[in-house]
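First up is the structure itself, then whatever we jot down about it.
2 protein chains.
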Amino acid sequence: MQTKTTARQPRKLAHAVVERLSGRIRRGEFKPGDKLPTESEITRAFGVSRTVVREAMSRLQAAELVETRHGVGTFVRPGAGRAPFRIHQVGTATLNELIAILELRISLEAEAAALAAERRSKADLATMRRALDAFARQVAQSKDAVQADFRFHLTIARATGNRHFADLIRYLGTMLFPRTRVNSAQLAGEKRATYLNRVNGEHEKISEALERRAPEAARMAMRAHLENSRERLRRAYRTMLQS
Amino acid sequence: MQTKTTARQPRKLAHAVVERLSGRIRRGEFKPGDKLPTESEITRAFGVSRTVVREAMSRLQAAELVETRHGVGTFVRPGAGRAPFRIHQVGTATLNELIAILELRISLEAEAAALAAERRSKADLATMRRALDAFARQVAQSKDAVQADFRFHLTIARATGNRHFADLIRYLGTMLFPRTRVNSAQLAGEKRATYLNRVNGEHEKISEALERRAPEAARMAMRAHLENSRERLRRAYRTMLQS
DNA sequence: AGTTGTATGATGTATGACAACTTGGAGGAG
DNA sequence: CTCCTCCAAGTTGTCATACATCATACAACT
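Have a look at this one:
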């Protein structure tokens, strides 16, 4: 009963159906808005059971390639084929991977700081202030102030008025969060405190530039802050390898 | 038989199961590496058929929250809950939306140009040259040289050696491609030619900076190029509204 | 001890039936 | 003739059952 087309790899039939259908969508054989064949038609065409077809449909839906309306059919969604941006890190967090992501952050946050300096509202300054205070408080309690740190950066991104900056920076943040925490955990006692205080000082410089509505100063301060971060990262890894 | 928990909205049972399971995963009740209950257990727990459970599983897989191994079970993937970055534009392409995306591009490509000026290989210069030639050729044939334009920018992104720059810029490019084409189609004849020649000149300036390994010059040239793009966009929309 | 066989439980697929929903058109009321 | 109602056909959503395939643990055999 089964056709020879996919007989080689009988495991994951649904996967094969997904591949072929999504291929035809991306290739433009099914254009956005088109109604693609009914489940029973696909069943006949591919020689698989409806179970498999439904599983495949489910995946296409999850990929936001199609949209199915109960009792009507499934349709190709407008803007199909645009894969979202994602960072495919290959498990191992190499130093180079982290630095690559940091380069992206430098690029984005430097510009974001400049834009925010022009556009920030008083409310933005207030939430920024709260983040900075929380940071200082956490440092005093010998905690890793990672959350407050992130909130500070995110507030600046939001102050640009361009939500894409905030979205992207948050995404990048979630990517390298677990690791930065590990890194700061490497340091202990005195060193850790001085390190965090220096970070705090850099944050204050950025904040000050935003208050003064000084775009170029903000850009430079943010760039310096993140480049210092990069250097700290390099050093941390070197000492880690030596121990 | 059915529990009251989701009886209100009997449509999309699978969706409900997905919500509850993904919620428990994000909430940390199921940690990465954990094996979550078998399909029959979930069937009993939620009072739905195995069909629904499998549909839910399928979506969780597609979302890369879990991974199922045949004959063993389904496990929570490490790094679950990190949604990829995507631009949620709501159909209508307002001017502000396009400018917001362009701001991102400015931020990224300016830095990319600077990095590429330091790191570019001779091969990079060659492919850049090819893109520029193709651009000029297309302009001579009165075609919209969008593809060649994009290839030029993408080559620079790749020359940074940081693949994330290339990935992101390509993503942004696919976002605003259809529209830029529309815009350049607005212009006709003489104006279009002078416009494209000016773009070509700006490209050449960037290229020259990359050859000279002059990071700051490359950064400024790229920034000027894209800011000009932004102004052209503003003008095009203004004239469009008047007609 | 080391290998093989087998039992068990898990996911993958097939099949048939019915429920819920949408749409379009037949048929009656005005 | 027009409009409304209602139903019938077609499609997706859900259920139930059975069997196939895979992975693992443990018993049995050499």
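Chains A and B supply the protein sequences, listed in that same order.
Per the numbering used here, residue 1052 is the first one in the first sequence, and the count goes up by one each step.
Per the numbering used here, residue 1052 is the first one in the second sequence, and the count goes up by one each step.
Think of the CB as a built atom: it goes at the ideal place given N, C-alpha and C, for glycine as much as any other residue.
Query                                                                                                                                    : Result
Exposure label - Ser-1091 (chain B); buried when at least 16 CB within 10 Å                                                              : exposed
Arg-1128 (chain B) at chain A interface by Cβ criterion, 8 Å                                                                             : no
Closer than 7 Å at the beta carbon, the chain B residues around Asp-1218 (chain A)                                                       : Phe-1136
Nearest neighbour of Glu-1160 (chain A), chosen from A:Phe-1136, A:Asn-1213 and A:Asn-1251 [CA to CA]                                    : A:Asn-1213
Exposure of His-1121 (chain B), with buried meaning 16 or more beta-carbon neighbours within 10 Å                                        : exposed
Beta-bridge pairing of Leu-1087 (chain B) - partner residues as DSSP gives them                                                          : B:Thr-1125
Whole-angstrom distance between Arg-1077 (chain B) and Val-1127 (chain B), CA atom to CA atom                                            : 10 Å
Within-8 Å CB hit, Leu-1247 (chain B) to chain A                                                                                         : no
Gly-1224 (chain B) versus B:Val-1117, B:Arg-1283 and B:Ile-1138, residue with shortest Cα-Cα distance                                    : B:Ile-1138
Proximity test, Cβ basis, 8 Å: His-1276 (chain A) and chain B                                                                            : no
Neighbourhood of Leu-1155 (chain A) by C-beta, 8 Å cutoff - its chain only, sequence neighbours within 5 removed                         : Leu-1223
Residue nearest to Leu-1247 (chain A) in terms of C-alpha spacing, selected from A:Arg-1171, A:Glu-1278, A:Glu-1282 and A:Ala-1187       : A:Ala-1187
Selection of the region 1146 to 1166 of chain B by Cβ proximity to chain A, strictly under 8 Å                                           : Ala-1151, Ile-1152, Glu-1154, Leu-1155, Ile-1157, Ser-1158, Leu-1159, Ala-1161, Glu-1162, Ala-1163 and Leu-1166
Classification of Val-1103 (chain B) by the beta-carbon crowding that lies within 10 angstroms, buried from 16 upward                    : buried
Rounded separation between Val-1221 (chain A) and Arg-1095 (chain A) - CA only                                                           : Inspection of the sequence shows that residue 1221 (chain A) is occupied by Arg rather than by Val. One C-alpha to the other measures close to 46 Å.
Secondary structure of Glu-1092 (chain A), DSSP reduced to three states                                                                  : helix
Chain-order list of residues whose beta-carbon lies under 7 Å from that of Leu-1277 (chain B) (same chain, five-residue window excluded) : Leu-1153, Arg-1156, Ile-1157 and Glu-1160
Residue-chain proximity (Arg-1264 (chain A), chain B), Cβ-Cβ < 8 Å                                                                       : no
Residues near Ala-1269 (chain A) in its chain [Cβ-Cβ closer than 8 Å; skip 5 each side]                                                  : Ala-1164, Ala-1165, Ala-1167, Ala-1168, Ile-1257, Ala-1260 and Leu-1261
Neighbour-count burial assignment, Gln-1112 (chain A), 16 or more Cβ in a 10 Å radius                                                    : buried
Cβ neighbour criterion (16 or more within 10 Å) applied to Val-1123 (chain B)                                                            : exposed
Exposure of Asp-1200 (chain A), with buried meaning 16 or more beta-carbon neighbours within 10 Å                                        : buried
Cβ separation of Asp-1175 (chain A) and Thr-1206 (chain A), assumed to be a contact under 8 Å, to the nearest whole Å                    : 6 Å
Phe-1136 (chain B) versus A:Ala-1191, A:Val-1117, A:Ala-1107 and A:Phe-1216, residue with shortest Cα-Cα distance                        : A:Phe-1216
From A:Ala-1196, A:Gly-1079, A:Pro-1129 and A:Glu-1162, residue whose alpha carbon lies closest to that of Ala-1210 (chain A)            : A:Glu-1162
Cβ of Tyr-1222 (chain B) within 8 Å of any chain A Cβ                                                                                    : yes
Proximity test, Cβ basis, 8 Å: Thr-1143 (chain B) and chain A                                                                            : With a pLDDT of only 48 at Thr-1143 (chain B), under the threshold of 50, the placement of this residue in the model should not be trusted; the figure read from the coordinates follows. Output row for Thr-1143 (chain B): interface = no.
Partners in chain A for Arg-1110 (chain B), counting only beta-carbon separations shorter than 7 Å                                       : Ser-1109 and Ala-1113
Under 9 Å (Cβ pairs) to chain A, residues found in the region 1186 to 1216 of chain B                                                    : Thr-1211, Gly-1212, Asn-1213, Arg-1214, His-1215 and Phe-1216
Minimum Cβ-Cβ distance from Ala-1236 (chain B) to chain A less than 8 Å                                                                  : At Ala-1236 (chain B), the pLDDT of 49 sits below 50, so the modelled position is not reliable and the matter cannot be decided from this model.
Pair within 8 Å by beta-carbon distance, Leu-1149 (chain B) and Leu-1284 (chain B)                                                       : yes
Glu-1118 (chain B) (DSSP reduced to helix, strand or coil)                                                                               : strand
Helix, strand or coil at Phe-1203 (chain B) according to DSSP, with G and I counted as helix                                             : helix
Contact set for Gly-1142 (chain B): own chain, Cβ-Cβ below 7 Å, skip 5 residues either direction                                         : Reliability of the predicted coordinates at Gly-1142 (chain B) is poor, the pLDDT of 48 falling under 50, and no value is obtained from them.
Chain-ordered chain B contacts of Glu-1106 (chain A) [CB-CB under 8 Å]                                                                   : Arg-1105, Glu-1106 and Ser-1109
Cα-Cα separation between Leu-1116 (chain B) and Ala-1107 (chain A), rounded to whole angstroms                                           : 18 Å
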